[in-house]
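*Asks:* Right, I'll just put the structure down here and ask away after.
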Amino acid sequence: MKAATFDLPLTAVTPALPTARLAALGLDLVDATPARTIAALLAPGRRRAFFMNAHCCNVHRRNRAYREAVAGADALLPDGIGVELAGRMTGQRLTANLNGTDLVPALLEQAAAQGKSVYLFGGKPGTARAAAAALQARIPALTIAGTRDGYDGAADADAVVDDINESGADIVLVALGVPMQELWLHRHAGQLNAPLTLGVGALFDFLAGNVSRAPAWLRKARAEWVWRLAQEPRRMARRYLAGNPGFLARAALKAWGPESLAAAQSRLLDVTLSFTALVLLSPVLAVTALAIKIDSSGPVLFRQTRVGHNGRPFTMLKFRSMGVDAEARRAALLASSDREGVCFKAKADPRVTRVGRFIRRFSIDELPQIINVLKGEMAIVGPRPALPVEVAAYPPRALGRLAVKPGLTGVWQVSGRASVGFDKMVEMDLSYAASRTLLLDLSLIARTFGAVLGGRGAY
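Listed below in structure tokens is the structure:
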């Protein structure tokens, strides 16, 4: 893992860090580039900086002592997609995601160039030493003033403070976990001589190799939390699967009012389930792609324009289950539709390939739509996404099904799919749009597994 580098003149005069108050959180967070943030943190003077992510905000809400510690910090650094989403709820966009795993190594590169030293305090026995060794391997000029674990090594707070001060460290990194690290720094701020102190959470574990970072593509998608959840499900489930929805719900309530809670909860459910499914089903996706490629010529994915929320068109993704000339042959097959109404469906469709019949039977062909869900074009639960030619033929009442995002699963999908007539499908979708709740969505998701295994109407 290579640290990020920033082209920053070391002699630059650095003004105070700009901040922005996120209305949905009620916190003043640093609103600056990584380079400017690093320069300001390393400038002359004493500073205490904490990283603030969704979990930190949850702790902040219920822990008075932690709130006092946060209020006493000199800089609060925005960390993670949750804080970014909370800002967007009120139209606020911070300059950068200043997560500690990327920012601190970059900061230490600049610190080394300035001849500054660092002390690592926290983690399991041996972790701080391993993290220090990893840092020195990556930043040879960096001076490690000392290390100390967060277990027996933290038992005597006065001894810890004395050891840090005697080391002469310019920077102290404390990795005791939230909220312990912030409480410790707040409690001992007046005793520490180091100009810069930071609470860094799981950074030592990442540096030491105890916990691996998510692949670059997952980090770029701002979904590293999914990787953490997959690695440590017992420890992280409550934080991410319960904590994150609660965080966004409270932010939405503060930003928009009660009517936005359902929308925020629904979107979080979509993102959580789709990212988790993408990771867990990656072997199935890979095998399916290979089988399609072997079975017939043409691309693995089938792209088709569908009509989404409020009539907006989008490109829907599916595994290709038909020959490459399927669209050209569609018009000639309309008369053989097994389904009444404007939606064409033929059980003995000659365009379907051998692999196509299998993946349709178990709905595997629909899995690439997970990407549409992540992009916000579809939801996990919603009406079947319609073709533009179908929407053009809709009676006025049927247009009401476009009031919600189309979904991977829904009332129609778990009630027989192609065996359900068009008029009945419309009534199902209108009823869903009028009465949708998080509990209903969860119920339909649970019923989907039985529908897939039963295969009724899947062709």
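Residue numbers for the sequence shown follow UniProt numbering, beginning at 1 and rising by one.
Just so you know, even glycine gets a beta-carbon here, dropped at the ideal spot from N, CA and C.
Kindly indicate the opening and closing residues of the alpha helix (DSSP H) around Y432.
*Replies:* For this step, residue 432 is matched to residue 432 along the sequence shown. Where Y432 is concerned, the enclosing alpha helix (DSSP H) stretches over F422 to S435.
*Asks:* Restricting to runs no shorter than 3 residues, where is the beta strand (DSSP E) found entirely within the stretch 56–118?
*Replies:* Those beta strand (DSSP E) runs which fall completely within the stretch 56–118 and span 3+ residues are 75–78.
*Asks:* Looking at the C-beta of W256, does it have a partner C-beta in chain B at a distance below 7 Å?
*Replies:* Absent here is chain B; the protein component of the structure consists of one chain.
*Asks:* Closer than 6 Å to a non-hydrogen atom of the ligand GDP - does that hold for the CB of V172?
*Replies:* No copy of the ligand GDP occurs in the structure displayed, which carries no ligand at all.
*Asks:* Would you check if the distance between the CB atom of T409 and the CB atom of T437 is smaller than 7 Å?
*Replies:* Counting from one through the sequence shown, the residue named residue 409 turns up at place 409. Counting from one through the sequence shown, the residue named residue 437 turns up at place 437. No. Outside cutoff.
*Asks:* Are there 16 or more other CB atoms within 10 angstroms of the CB of R360, so buried, or fewer, so exposed?
*Replies:* Your numbering for residue 360 matches position 360 in the sequence shown. The residue is buried, with at least 16 neighbouring Cβ atoms inside 10 Å.
*Asks:* How would you call A255, buried or exposed, if buried means at least 16 neighbouring beta carbons within 10 angstroms?
*Replies:* Sequence index remark: in the sequence shown, residue 255 carries index 255 (1-based). Buried, because 16 or more other Cβ atoms sit within 10 Å of the Cβ of A255.
*Asks:* G82 and L203 - do their beta-carbons sit closer together than 7 Å?
*Replies:* For the purposes of this step, residue 203 is taken as residue 203 along the sequence shown, with counting starting at 1. For the purposes of this step, residue 82 is taken as residue 82 along the sequence shown, with counting starting at 1. Taking 7 Å as the Cβ cut-off, L203 and G82 do not qualify as a contacting pair.
*Asks:* Grouping DSSP H, G and I as helix and E and B as strand, with all else coil, what is G407?
*Replies:* Locating residue 407 in the sequence shown gives position 407, where the first residue counts as 1. Of the three classes helix, strand and coil, the one that applies to G407 here is strand, per DSSP.
*Asks:* Tell me, please, which residues DSSP counts as bridged to A277.
*Replies:* Translated into the one-based positions of the sequence shown, residue 277 becomes position 277. DSSP output for A277 lists no bridge partner at all.
*Asks:* Would you grab the beta carbon distance between L183 and A69 for me? Rounded to a whole angstrom, and I think it's under 8 Å.
*Replies:* Taking the sequence shown and counting its residues from 1, the one referred to as residue 183 is at position 183. Taking the sequence shown and counting its residues from 1, the one referred to as residue 69 is at position 69. 5 Å between Cβ atoms; contact.
*Asks:* Which stretch, first to last residue, makes up the beta strand (DSSP E) that contains T305?
*Replies:* On the sequence shown, residue 305 is found 305 positions in, with the first residue counted as 1. Its beta strand (DSSP E) spans residues L301 to V307.
*Asks:* Where DSSP assigns a beta bridge to M322, which residues make up the other side?
*Replies:* Here residue 322 refers to the residue found at position 322 when the sequence shown is read from its first residue. DSSP, once it has assigned bridges, lists V352 as partnering M322.
*Asks:* Please say whether V160 and Y119 have beta carbons closer to each other than 7 Å?
*Replies:* Counting from one through the sequence shown, the residue named residue 119 turns up at place 119. Counting from one through the sequence shown, the residue named residue 160 turns up at place 160. No, they are not a contact pair.
*Asks:* Counting only runs that start and end within the stretch 161–187, where is the beta strand (DSSP E) found for 3 or more residues in a row?
*Replies:* For the stretch 161–187, whole beta strand (DSSP E) runs of length 3 or above, ordered along the chain, are 171–175.
*Asks:* Using a Cβ-Cβ cutoff of less than 6 Å, which residues in the same chain neighbour F275 once the five nearest sequence positions on both sides are dropped?
*Replies:* In the sequence shown, the residue the question calls residue 275 occupies position 275. A223 and V226, listed in sequence order.
*Asks:* When you compare each of H309, R306, A289 and L142 to V300 by their alpha carbons, which one comes out closest?
*Replies:* On the sequence shown, residue 300 is found 300 positions in, with the first residue counted as 1. If we check each option's Cα against that of V300, A289 comes out closest.
*Asks:* Rounded to whole angstroms, what's the CA-CA distance from L444 to M322? Just pull it up for me.
*Replies:* Numbered from 1 along the sequence shown, position 444 holds the residue referred to as residue 444. Numbered from 1 along the sequence shown, position 322 holds the residue referred to as residue 322. Distance between the alpha carbons of L444 and M322 is about 28 Å.
*Asks:* Distance, Cα to Cα, T197 vs L41?
*Replies:* Here residue 197 corresponds to residue number 197 of the sequence shown, with the count starting at 1. Here residue 41 corresponds to residue number 41 of the sequence shown, with the count starting at 1. Rounded to whole angstroms, T197 to L41 spans 9 Å at the Cα level.
*Asks:* Output the boundary residues of the beta strand (DSSP E) element that contains V30.
*Replies:* By one-based count along the sequence shown, residue 30 stands at place 30. Start and end: L27 to V30.
*Asks:* Can you check which of these residues, A111, G150 and P385, is closest to I144 by C-alpha distance?
*Replies:* Along the sequence shown, one-based indexing puts residue 144 at 144. Closest by alpha carbon: A111.
*Asks:* Can you list, in chain order, the residues of its chain with a C-beta nearer than 6 Å to that of R267? Leave out the 5 residues immediately preceding and following it.
*Replies:* Working through the sequence shown from its first residue, we reach residue 267 at position 267. So the list is empty, once near-sequence residues are dropped.
*Asks:* Taking buried to mean at least 16 other C-beta atoms within 10 Å of its own C-beta, is T147 buried or exposed?
*Replies:* Taking the first residue of the sequence shown as position 1, residue 147 is located at position 147. Buried, by the Cβ-count rule.
*Asks:* Measuring alpha carbon to alpha carbon, tell me which residue in D156, G153, A23 and A133 is nearest L94.
*Replies:* For the purposes of this step, residue 94 is identified with residue 94 of the sequence shown, where counting begins at 1. Out of D156, G153, A23 and A133, A23 has the C-alpha closest to the C-alpha of L94.
*Asks:* Rounded to a whole number of angstroms, what is the C-alpha to C-alpha distance between Y66 and P18?
*Replies:* The residue given as residue 66 occupies position 66 in the sequence shown. The residue given as residue 18 occupies position 18 in the sequence shown. Looking at the two C-alpha atoms, the distance is approximately 23 Å.
*Asks:* Here's the rule I'm using: 16 or more other beta-carbon atoms within 10 Å means buried, otherwise exposed. How should Y151 be labelled?
*Replies:* Mapped onto the sequence shown, residue 151 falls at position 151. So Y151 counts as exposed.
*Asks:* How many angstroms separate the CA atom of R354 from the CA atom of A35?
*Replies:* Taking the first residue of the sequence shown as 1, we reach residue 354 at position 354. Taking the first residue of the sequence shown as 1, we reach residue 35 at position 35. Approximately 55 Å, taken between the alpha carbons.
*Asks:* Could you give the C-beta distance for Q265 and A249, rounded to a whole number, given that I count them as a contact under 8 Å?
*Replies:* To locate residue 265, count along the sequence shown from 1; it is residue 265. To locate residue 249, count along the sequence shown from 1; it is residue 249. Sure, about 6 Å apart at Cβ, within 8 Å.
*Asks:* Would you decide whether W412 is buried or exposed? Buried here means 16 or more other CB atoms lie within 10 Å of its CB.
*Replies:* Reading the sequence shown from its first residue, position 412 is the one you call residue 412. Buried, since its Cβ has 16 or more Cβ neighbours within 10 Å.
*Asks:* Less than 8 Å between the CB atoms is what I'm expecting for A134 and L207, so what's the real figure, rounded?
*Replies:* The residue given as residue 134 occupies position 134 in the sequence shown. The residue given as residue 207 occupies position 207 in the sequence shown. Right, their Cβ atoms sit about 5 Å apart.
*Asks:* Check each candidate in A16, V324 and H309 and name the one with the smallest Cα separation from P350.
*Replies:* Stepping through the sequence shown from its first residue, residue 350 is reached at position 350. Looking at the Cα atoms, V324 is the closest of the given residues.
*Asks:* Do R306 and P395 come within 7 Å of each other at the CB atom, strictly closer than that value?
*Replies:* One-based indexing of the sequence shown puts residue 395 at position 395. One-based indexing of the sequence shown puts residue 306 at position 306. No, the Cβ-Cβ distance between P395 and R306 is not below 7 Å.
*Asks:* With distances taken from CA atoms, which of L280, G190 and V352 is nearest P233?
*Replies:* Walking along the sequence shown from the start, residue 233 turns up at place 233. Among L280, G190 and V352, the Cα nearest to that of P233 belongs to L280.
*Asks:* Does DSSP put V414 in a helix, in a strand, or in coil?
*Replies:* In the sequence shown, the residue the question calls residue 414 occupies position 414. Note: V414 maps to coil in three-state DSSP.
*Asks:* Given N165, which residues of its chain have a CB within under 6 Å of its CB, disregarding the five upstream and five downstream residues?
*Replies:* As a first step, residue 165 is located in the sequence shown; it is residue number 165 there, counting from the start. Cβ neighbours of N165 beyond the five flanking positions: N193.
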